[in-house]
Structure formats: structure tokens, C-alpha cells
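What follows is one structure encoded as C-alpha cells, with my remarks underneath.
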Amino acid sequence: MRTLFCTIIITFPLLLTAQREKFTLNDKDLFAKTENSSLFGKITVSQPEGLTYIINKAAEIDNDRFFGWRVQIYFGSGQRAMNKAEQVKKDFLKAYGHKYGTYINFDSPFFKVRVGNFRTKVEARLFKEKIKEKFPNSWIIPMRIDYPESPKDEEEKEE
Numbered sequence: 046m047r048t049l050f051c052t053i054i055i056t057f058p059l060l061l062t063a064q065r066e067k068f069t070l071n072d073k074d075l076f077a078k079t080e081n082s083s084l085f086g087k088i089t090v091s092q093p094e095g096l097t098y099i100i101n102k103a104a105e106i107d108n109d110r111f112f113g114w115r116v117q118i119y120f121g122s123g124q125r126a127m128n129k130a131e132q133v134k135k136d137f138l139k140a141y142g143h144k145y146g147t148y149i150n151f152d153s154p155f156f157k158v159r160v161g162n163f164r165t166k167v168e169a170r171l172f173k174e175k176i177k178e179k180f181p182n183s184w185i186i187p188m189r190i191d192y193p194e195s196p197k198d199e200e201e202k203e204e
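In the working numbering, the protein residues as written are 46 to 204.
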């Protein structure tokens, strides 16, 4: 009992400081945010000025994408793989319209057709089940995706 009480007393302050501040990349300067984020001291980051610019630029570019899921409906290589990928994309758009993002990726030597911008794996699974009849060999891929529209945005478009 005494050990449990001591453990709680020691870990409780750590839990409180863990909830203290949310770190986001929406700030202009990533390093200025890091320097001011410590509760117990000051963090000093030393690097060439150009490196700060490059890292902040990369964070700015990456800020319009985040981790999510897509469904891969085609994967192939060979002489006719690009034509086949374009045909699969056309077939998908014909069957399901432009509601879902459709992307052809070339990752040497493979062409891949991926669809959707799903926030959760559950959404991707439901979509995969929906297209299973036309694309039976599809599978779910974790990757960085474009920001999908929120349900609120979709409702506003319909009105």
C-alpha cells in the first residue's frame, strides 16, 4: 500500500506536466516554439541560419498533409503498366465519380493507383468494402494524405 501511494505521488506531477502544452507546427518558427516549451529550463538550439530556414520551409510545405489511409486498387509493372493504371483510374472515376481523390503514383518500377483521403482505418475499410465488387484485389495503405473534407464541409456543399 505504501509503495502504491509513493508511486502515485511521484507520477502525478509528471502526468500534469505532460498535459501542459500542445506542440503544433502552425507556428512560424519551429525553433522559437521549442526554446520556450520547457518547464524546468531553457532549451537552446544552435545550428546554421540556413538550416532553420530549410526546416521551417519543409514544415510549412508538409503542413497541408497528415497521416491517414488510402485504398490501393492497382499495382503493376511492365511496358503497359502506365496505360493500365490510367485505365483503372478512368474505370474508378466512371463508377464512383470525383468524390474521392484518385492518384497514380510511380514508385520505380511500379505504377500504383490509390484512392481516397481517409482519416481513420475504419473509414478506409468501409470504402474498401464498398468497392470490393469492382476492385476485388484492393488493399488499405497507410500514408500521408491531403486534408479530407470534414462532414460539416460536405453538408454545406449539398445545401
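Cβ atoms here follow ideal geometry from the backbone N, Cα and C, with glycine treated the same way.
Exposed or buried, residue i, counting other C-beta atoms within 10 Å across all chains shown (16 or more means buried)?
| i | result |
| --- | --- |
| G161 | buried |
| S183 | buried |
| T147 | buried |
| T48 | exposed |
| A130 | buried |
| K177 | exposed |
| F156 | buried |
| F151 | exposed |
| A103 | exposed |
| F111 | exposed |
Check for me: the alpha helix (DSSP H) holding residue i runs from which residue to which?
| i | result |
| --- | --- |
| K179 | Per DSSP, K179 belongs to no alpha helix (DSSP H) and is neither H nor E. |
| Y141 | A126 to Y141 |
At which residues does the beta strand (DSSP E) containing residue i begin and terminate?
| i | result |
| --- | --- |
| P187 | W184 to D191 |
| R159 | F155 to F163 |
From the DSSP output, in three-state form, read off residue i for me.
| i | result |
| --- | --- |
| K173 | helix |
| T89 | coil |
| Y148 | strand |
| G113 | strand |
| G95 | helix |
| T56 | helix |
Confirm, please, whether the CB-CB distance from residue j to residue i is below 7 Å.
| i | j | result |
| --- | --- | --- |
| I185 | V133 | no |
| P154 | S122 | yes |
What whole-angstrom Cβ distance do residue i and residue j have, given they're in contact under 8 Å?
| i | j | result |
| --- | --- | --- |
| I190 | V158 | At roughly 15 Å, the Cβ-Cβ gap does not stay under 8 Å, so I190 and V158 are not in contact. |
| P181 | W114 | Not really, about 19 Å apart at Cβ, beyond 8 Å. |
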